[in-house]
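Engineer:
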Amino acid sequence: MVSRHFISHMISSGSKIHRALAAIPGRIQIVMDRFLSWMALPAAALAATIFGGGLTAAPGVNAAESPVVAARVQLMRKGVNAGMKQIVVGLRTGKPQLMLMGAGLLANSADRIPAAFEKKDLSGKTRSKAAIWDNKAEFDGYAKSLVSAVRAFERIARGGDMNETITAIKAIGANCGSCHKLFRKKKKP
Numbered sequence: 216m217v218s219r220h221f222i223s224h225m226i227s228s229g230s231k232i233h234r235a236l237a238a239i240p241g242r243i244q245i246v247m248d249r250f251l252s253w254m255a256l257p258a259a260a261l262a263a264t265i266f267g268g269g270l271t272a273a274p275g276v277n278a279a280e281s282p283v284v285a286a287r288v289q290l291m292r293k294g295v296n297a298g299m300k301q302i303v304v305g306l307r308t309g310k311p312q313l314m315l316m317g318a319g320l321l322a323n324s325a326d327r328i329p330a331a332f333e334k335k336d337l338s339g340k341t342r343s344k345a346a347i348w349d350n351k352a353e354f355d356g357y358a359k360s361l362v363s364a365v366r367a368f369e370r371i372a373r374g375g376d377m378n379e380t381i382t383a384i385k386a387i388g389a390n391c392g393s394c395h396k397l398f399r400k401k402k403k404p
């Protein structure tokens, strides 16, 4: 079995691409590193096919989950959560550009939430409640409200008023919390 990390290591360490990336400053290098790590998965699939191995599920994704549930989990983790984390890190480090990048990721991901939850599927490891599909219009309303809150945050953050920026971040968090209270099961201890 060929692991994704093995292929990623083969592609990146010591290669011309890796040396070229070393010359690229800061954020661009991080973006390129992430891009290369995503490219490692197709390479691993090809290697697994050639060498007769197999691929395992991505870390954090239950192999018994349906593709629909796995896609939703990834949207929420890699989109919504990652965007919110970028906003908070940007706020704590005083980097407004990082906050705005996180806001863009968060808004784009939130805009895709209604479509991701179109098909009712509660198989595998999911914390989604059936109430999502029982009250789909309300659920979709929370997603639209989240997009609006993030867009408002972007306008406020560009203005530079830190108190208003913090208030806007709290509004985003309150929107997320309200939706989770109604439509997401609590984490099992």
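Following our numbering, the numbering of the sequence shown begins with 216 at its first residue and continues without gaps.
Each residue gets a CB set at the ideal place from its N, CA and C atoms; glycine is no exception.
1) Kindly indicate which residue of Lys344, Leu337, Gly319 and Ala285 has the alpha-carbon position closest to the one of Lys401.
2) Given a threshold of 16 other Cβ atoms within 10 Å of its Cβ, counted over all protein chains shown, does Glu369 qualify as buried or as exposed?
3) If Ser324 sits next to Gly305, beta carbons under 8 Å apart, how far is it from one beta carbon to the other, in whole angstroms?
4) What does Ser343 pair with, by DSSP beta-bridge criteria?
5) Under 8 Å, with one C-beta from each stretch per pair, do the segment 388-403 and the segment 338-353 reach the 3-pair mark?
6) Count the other CB atoms, across all protein chains shown, that sit within 10 Å of the CB of Asn390; report buried if there are 16 or more and exposed otherwise.
7) On a CA-only basis, which of Thr380, Asp355 and Gly374 is nearest Phe332? Give me that one, please.
8) Going along the chain, which residues of its own chain have a beta-carbon closer than 8 Å to the beta-carbon of Ala367, five neighbours each way excluded?
9) Can you tell me which of Met314, Arg373, Pro282 and Arg327 puts its alpha carbon nearest to the alpha carbon of Val362?
10) Given a cut-off of 9 Å on the beta-carbon distance, is the pair Ala358 and Pro329 in contact?
11) For His395, tell me which candidate among Arg373, Met291, Ala286 and Lys300 has the shortest Cα-Cα distance.
12) At which residues does the alpha helix (DSSP H) containing Lys300 begin and terminate?
Structural biologist: Straight from the coordinates:
1) Nearest in C-alpha terms to Lys401, of all of Lys344, Leu337, Gly319 and Ala285, is Lys344.
2) Counting Cβ neighbours within 10 Å, Glu369 comes out buried, since at least 16 surround it.
3) That belief does not hold up - the Cβ atoms of Ser324 and Gly305 are roughly 17 Å apart, past 8 Å.
4) For Ser343, which the question treats as bridged, DSSP gives the partners Arg399.
5) In short, these stretches touch, since the Cβ pair count reaches three.
6) Around the CB of Asn390, 16 or more other CB atoms lie within 10 Å, so the residue is classed as buried.
7) It is Asp355 whose Cα lies nearest to the Cα of Phe332.
8) Ala383 and Ala386.
9) Closest option to Val362, Cα to Cα, is Arg327.
10) For Ala358 and Pro329, yes; Cβs fall inside 9 Å.
11) Checking every option, the nearest Cα to that of His395 belongs to Met291.
12) Per DSSP, the unbroken alpha helix (DSSP H) holding Lys300 starts and ends at Ala297 to Thr308.
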